[in-house]
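Visitor: Taken in order, these protein sequences are the chains called R and V. Numbered according to the numbering used here, the first sequence terminates at residue 1122, and the numbering increases by one at each position without gaps. Numbered according to the numbering used here, the second sequence terminates at residue 990, and the numbering increases by one at each position without gaps. Built from N, CA and C at the ideal position, the CB exists for glycine as well. There's a structure below that I have some questions on.
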Amino acid sequence: MSDTTADVPTAVPAVLVEGVDKVFDTKKGTVTALEQIDLTVAPGEFVSLIGPSGCGKSTLLRLIADLDTPTTGSLTVFGKTARQARIDQEYGIAFQQAGLLPWRDVSANIELPLELHGVGKAARAARSAELLALVGLSDFADSYPDQLSGGMQQRVAIARSLAESPRLLLMDEPFGALDEMTRERMQTELVRITAETGAAVVFVTHSIPEAVYLSNRVVVMSPRPGRIRDITTVSLGSAAERTEQLREDEAFFENVSIVRELLHGETPVGIRGVENR
Amino acid sequence: MRGQATRARTVLAPVLLGLFALALWQVLVVAFDIKPFIVPGPIAIGSEFGANLSTVVQGALVTGGNALVGLVIGGIGGILFAVIAALVKAVDGLSAGVVSAVAVVPIVALAPVLYAMYGANAETARQLVAAIAVFIPVYVNTLRGLRQVRPVHRDLMHAYAASAWQTTRTVTIPGALPFIFTGLRIASSLAVISALIAEYFGGPIGGLGKSITSAASSSNYNLAWAYVLGAILVGLVFYCVTLAIEMFVTRHHRPTS
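Here you go:
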């Protein structure tokens, strides 16, 4: 899986966004969702987009996924247009809602993208077994989504997004609907999974600790119109080094403070390390 | 244990009420000496039903068979047409008016015309009446179901670069199943009613509807009521079987996140 990055020269970024604007036409007039967005995501890099509601972070992700098209500017994924990258299945995607098909069991849900792209039955079964082991749900292959907890459903959705070994993962608040305990466990798992697969990740969140814990870089956005306020590099070591211990670490809190300051555009009030989301 | 107790109560209560109503009916018929041409007592109907069981069953097979053929043809037609209307906007636009027009036509009224078209000794006319009656609720409900695709599923299929047909097959139609079955459940009763009433307007002898009219016209009221009982049972069987299939097929369709 990780060797798929080898055939791409490192010069080609996973995502390259240049001067992108997105204007929505509504009944009340035009709304500028994104303005002058420039962003580069290197292969294998984990980048979080963080900002208050309405800052356009989800819109930016949808543009990268070609679920929407930019009004102006250019956007490429592994050197291809977003549209071509989507058609070539260059990315895997997960949303805030797991979005599993309730009438398919867990393995059939994971196999869905493979099935749509004509992968044979035996190969599909092998791949879904592999992914179920990766997300720790091997015992639930034959369960249906309504028999799983929210966290388990989301793990199935992540397994599904990894089905075709994409070099890029797009995630739109995938843990947003989960409770704090499950959320932290899922974050740890995601760090492990991305380390194993070597995929680049664009991760939308509104949780500062989540962004800091997961990311190589955190993109802080401001609303109306959506702009990139700042990009900060989080140096908390390689993915393998980021364990549960890290959440108690001084460096972790420092980075949380930095991102919070950027987000609020002022010095943080309140005690350091206390989560303000 | 409590669950069992509640279940027993939900089953037992209506059964007891039914038995009580039947007993009251019998008492009233006997007490006021009500004549059979007004309404016979349940015991008279029951014994007549038992005595003519084989002819009732034969009639039920004819009427039920016609209803089933109509349900299958109308059901498949309704689902297919709805899928096409959901895929091709122009078809939807063109058909909307026609469908609402057909919906208000009293379909059984077509029976005499259809007998003229297909011959009075063929069951075709009855099956067609049932099929047309079935088509409308199945089409309307299926089309509504096909438009219920959740945005997250639509995004997902778009992200997978799935073709329109792939999306229809893997997401839209399975998602519409609860709606399709609601339509079929309504239609199952309509199929029986239409097939039965169509018999009143002519056609070959043998169905329950024909038997009801001929028994009533020869003043054999108890027998007429026995056939009515048979018709009710056919309707119940159709409803319960569709309901059972619906519950089985949509057992995992509870909405999940």
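For Ile1073(R), write down the residues that DSSP places opposite it in a beta bridge.
Guide: In DSSP, Ile1073(R) forms a bridge with Met1066(R).
Visitor: Check whether the Cβ atoms of Gly1071(R) and Leu879(R) sit closer than 7 angstroms, and answer yes or no.
Guide: Yes.
Visitor: Could one say the Cβ of Asp991(R) lies closer than 7 angstroms to chain V's Cβ atoms, at least one of them?
Guide: Closer than 7 angstroms to some Cβ of chain V, the Cβ of Asp991(R) qualifies, so yes.
Visitor: Quick one: what's got a C-beta closer than 7 angstroms to Pro915(R)'s C-beta in the same chain, skipping five residues either side?
Guide: Contacts found: Val865, Asp866, Lys867 and Leu908.
Visitor: Taking only three categories from DSSP, how would you classify Met980(V)?
Guide: Of the three classes helix, strand and coil, the one that applies to Met980(V) here is helix, per DSSP.
Visitor: What are the boundary residues of the alpha helix (DSSP H) that includes Ser1010(R)?
Guide: Taken as a continuous stretch (DSSP letters only), Ser1010(R) belongs to no alpha helix (DSSP H), as it is neither H nor E.
Visitor: Could you name the residues of chain V that Arg931(R) contacts, counting a contact when the two beta carbons are closer than 7 angstroms?
Guide: Simply Ala892 and Ala894.
Visitor: Would you mind telling me which residues of chain V sit closer than 8 angstroms to Phe940(R), beta carbon to beta carbon, in chain order?
Guide: What Phe940(R) touches in chain V: Val885, Asp888 and Leu889.
Visitor: What residue range does the beta strand (DSSP E) around Ala939(R) cover?
Guide: Note, Ala939(R): beta strand (DSSP E), Tyr936 to Ala939.
Visitor: Determine the burial state of Gln1090(R): buried for a count of at least 16 other Cβ atoms within 10 Å of its Cβ, exposed for fewer.
Guide: With fewer than 16 other Cβ atoms within 10 Å, it is exposed.
Visitor: Is it right to say Glu832(R) is buried, meaning 16 or more other beta carbons lie within 10 angstroms of its own, or is it exposed?
Guide: Within the shown structure, residues of chain R are numbered from 846 to 1122, placing residue 832(R) beyond reach of any answer.
Visitor: Assign Glu991(V) to one of three DSSP states: helix, strand, or coil.
Guide: The structure shown does not extend to residue 991(V), since chain V is modelled only from 734 through 990, so no value can be given for it.
Visitor: For Gly792(V) and Val805(V), what's the separation of their Cα atoms in angstroms?
Guide: Roughly 20 angstroms between the two C-alpha positions.
Visitor: I'd like to know whether the C-beta of Ala1045(R) is nearer than 7 angstroms to at least one C-beta of chain A.
Guide: Structure shown: chain A not included; protein chains present are R and V.
Visitor: How many angstroms separate the CA atom of Phe971(V) from the CA atom of Ala959(V)?
Guide: The straight-line gap from Cα to Cα measures roughly 19 angstroms.
Visitor: Taking the alpha helix (DSSP H) that Leu801(V) belongs to, which residues open and close that run?
Guide: Here the alpha helix (DSSP H) through Leu801(V) covers Leu786 to Leu820.
Visitor: Between the alpha carbons of Ile1038(R) and Ala823(V), how many angstroms are there, rounded?
Guide: If I take the Cα positions, the gap works out to 47 angstroms.
Visitor: Please confirm whether Val1063(R) and Ile895(R) have their CB atoms less than 7 angstroms apart.
Guide: Yes, they are a contact pair.
Visitor: Helix, strand or coil for Ser990(V) per DSSP?
Guide: For Ser990(V), the pLDDT reaches just 49, beneath the cut-off of 50, and the residue's location in the model is therefore unreliable, although a value from the coordinates is still provided. The answer is coil: DSSP assigns Ser990(V) none of H, G, I, E or B.
Visitor: Using a threshold of 6 angstroms, is the CB atom of Val980(R) nearer than that to any non-hydrogen atom of the ligand ZN?
Guide: The ligand ZN is absent from the structure shown, which contains no ligand whatsoever.
Visitor: Rounded C-beta distance between Val886(R) and Ala1045(R)? I'm assuming under 8 angstroms.
Guide: Indeed, because the Cβ distance is near 6 angstroms, the residues count as touching under 8 angstroms.
Visitor: For Ala849(V), name the three-state secondary structure that DSSP assigns.
Guide: Helix.
Visitor: From the DSSP output, which residues share a beta bridge with Asp1017(R)?
Guide: Answer is Val1049(R), bridged to Asp1017(R).
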